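In terms of full-length UniProt numbering, the sequence shown opens at residue 1 and continues consecutively. Every residue, glycine too, gets a C-beta built ideally from N, C-alpha and C. The model shown is predicted, which means the values in this text are computed figures rather than measured ones.
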Amino acid sequence: MRHNLRSRAQPGRISIALALSYVFDWVIIIAAAGIGGAFSIITPNKRPFSLTNPEISFPHVEKEKISTAVLIVCSLVAPAVIIFLVAILLVPGPTVSKSTPKALIWKRKLWEWHTGWLGLALSLAAAFLITSGMKNLFGKPRPDLLSRCNPDLANAALYAVGGFGNPGESTNLVSHTICQNKHKSVMNDGFRSYPSGHASFSAAGLVYLSLFLASKLGITIPYLSPSAYTQDRSQFSAFPSRASPRSSEQLEEPSGHNDAIIAARNQAAAPPVYLLAVAIIPWFASIYIASTRYSDFRHHGFDILFGYFLGVVTAIFAFRYYHLPISQGAGWSWGPRSRDRSFWAGIGVGNYAGSDPKHENDRIGARDLEGQPKNDDRIELLPMENGGSNANGRHLTDGYENGEVRR
């Protein structure tokens, strides 16, 4: 009967549906980035402007402090390399038993690498797509627009589209057709001020990297866990089924009648500051990149702030989409989807991990075995030898066996 509670994959076989579902994830992310790239070459809307507006009268700086190529290296290539090195060198950590086969350890390394890159790609693609689309929709002039434009001042009255001045007065709003610069790409780029692409892209890549490093290095603000909860450390082990008895011990709830009280001050401690510095360096780098867009007269202040906010939102979303909370997940990413739910879990399920019994008899059998259907899917990327048991002595059947999720 226990077999009915597990994924029905044959040992040693990889679920094609599950693999294809993650390939499809990559296809969608790459397609989103491609659409964003297409937006960047489409002619944007071009908002009318005033020839006397000081906010668009700054000089055009030919050599940017952070070029697009440097931006890609700093926000995409460097984070990808760092994530790879961290996953290969630091995963799975000291919680692994020495008897754990190397092949199984490498499965975990590769999975953490995959989810790290998948989250980074999702963050960057989402920020790039949204930013590129908004640039074209709003068509806001850059601070250096007039320097790019070279307006036809002698015939300004012919291009007036708004304002209350007399025809030909410089206080009127004029259309972009007044510009005599025939360099199409330069002029189109002059109307892509909002939001800042450098700010959003740098935040999407480097803030995500900071979150990833904080997770893997255990950088959290010390806090007290709710006293109503116990802390079964086996659930945070790299491979819970192989955790030693000591790692499965629970902290007793402190009370006035317990001789083994653990003082509140000893329940947590601040991580080393050098690790904190390592984690926040990418964040600081993203702030610097965003600031150069102001000093290079490429964006107005609000454009940079909104672009940076957009990148932070996509970074946080992408990180949490594939990783456990930093303060509670012990540095792990979420496990893979179940093969039964590779593309869609179905209405009423609400979870893409685990496997549901296919027939009513199986459901009844599950209740008989467990007392109630299990809902704590503990995902491992390794098979378990002779099963495992949790702190209450219940058999742990949740796991990842030979590339398959099992319950």
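Asked: Per DSSP, cross-strand counterpart(s) of residue 162; Found: 173
Asked: Proximity below 9 angstroms, CB of residue 141 to CB of residue 193; Found: yes
Asked: Inter-residue CB distance, residue 279 and residue 203 (contact presumed, cutoff 8 angstroms); Found: Rounded, the Cβ-Cβ distance is 15 angstroms, inconsistent with contact.
Asked: Residues sharing a beta bridge with residue 50, DSSP; Found: 173
Asked: Residues near residue 205 in its chain [Cβ-Cβ closer than 6 angstroms; skip 5 each side]; Found: 75, 76, 79 and 124
Asked: Close-in-space but distant-in-sequence residues of the same chain around residue 341 (CB under 6 angstroms, 5 per side omitted); Found: 352
Asked: Range covered by the alpha helix (DSSP H) that runs through residue 108; Found: 102-138
Asked: Contact check, residue 343 vs residue 122, beta carbons under 9 angstroms; Found: no
Asked: Within 9 angstroms, strictly: CB atoms of residue 310 and residue 68; Found: no
Asked: Assumed close pair residue 91, residue 108 - CB separation to whole angstroms, cut-off 8 angstroms; Found: 6 angstroms
Asked: Nearest-angstrom beta carbon gap, residue 322 and residue 93 [assumed within contact, 8 angstroms]; Found: So it is not a contact: roughly 18 angstroms between Cβ atoms.
Asked: Residue 47 and residue 133 closer than 9 angstroms at C-beta; Found: no
Asked: Cβ distance (whole Å) where residue 50 is taken to contact residue 173 below 8 angstroms; Found: 6 angstroms
Asked: C-alpha gap between residue 314 and residue 63, whole angstroms; Found: 29 angstroms
Asked: Residues bridged to residue 295 [DSSP beta-bridge criterion]; Found: The partner list for residue 295 (beta bridge, DSSP) is empty, contrary to what the question assumes.
Asked: Under 9 angstroms between C-beta atoms of residue 196 and residue 58; Found: no
Asked: Rounded separation between residue 71 and residue 348 - CA only; Found: 43 angstroms
Asked: Distance, residue 218 Cα to residue 73 Cα; Found: 26 angstroms
Asked: Of the listed residues 289, 145 and 115, nearest to residue 179 (C-alpha basis); Found: 145
Asked: For residue 207 and residue 86, believed in contact at Cβ under 8 angstroms, the rounded distance; Found: Not a contact, Cβ separation roughly 16 angstroms.
Asked: Cβ neighbours of residue 256 in the same chain (closer than 6 angstroms, five flanking residues each side left out); Found: Note on residue 256: pLDDT 48, under 50, position unreliable in the model; the coordinate value appears next. Result list for residue 256: empty, nothing under 6 angstroms.
Asked: Cross-strand partners of residue 323 (DSSP beta bridge); Found: 333
Asked: Three-state class that DSSP yields for residue 282 in the structure shown; Found: helix
Asked: Residue 135 to residue 186 span [Cα, whole Å]; Found: 14 angstroms
Asked: Residue 16 versus residue 337: straight-line alpha-carbon distance, rounded; Found: 12 angstroms
Asked: Reduced DSSP category for residue 79 - H, G, I as helix; E, B as strand; rest coil; Found: helix
Asked: Where the alpha helix (DSSP H) containing residue 189 begins and where it ends; Found: 184-189
Asked: Beta-carbon proximity of residue 100 to residue 333, cut-off 9 angstroms; Found: no
Asked: Buried versus exposed call for residue 184 [16 or more other C-beta atoms within 10 Å across all chains shown]; Found: exposed
Asked: Contacting residues, own chain, Cβ-Cβ under 8 angstroms from residue 29 (five flanking each side not counted); Found: 118, 121, 122 and 125
Asked: Short Cβ contact (9 angstroms threshold) for residue 327 with residue 223; Found: yes
Asked: Residue 285 versus residue 330: straight-line alpha-carbon distance, rounded; Found: 26 angstroms
Asked: Span separating the alpha-carbon of residue 181 from that of residue 153; Found: 13 angstroms
Asked: Proximal residues to residue 307 (C-beta, below 6 angstroms), its chain only, five neighbours per side dropped; Found: 195, 196, 199 and 200
Asked: Counted within 10 angstroms of its Cβ, other Cβ atoms place residue 212 as buried (16 or more) or exposed; Found: buried
Asked: Contact check, residue 61 vs residue 319, beta carbons under 9 angstroms; Found: no
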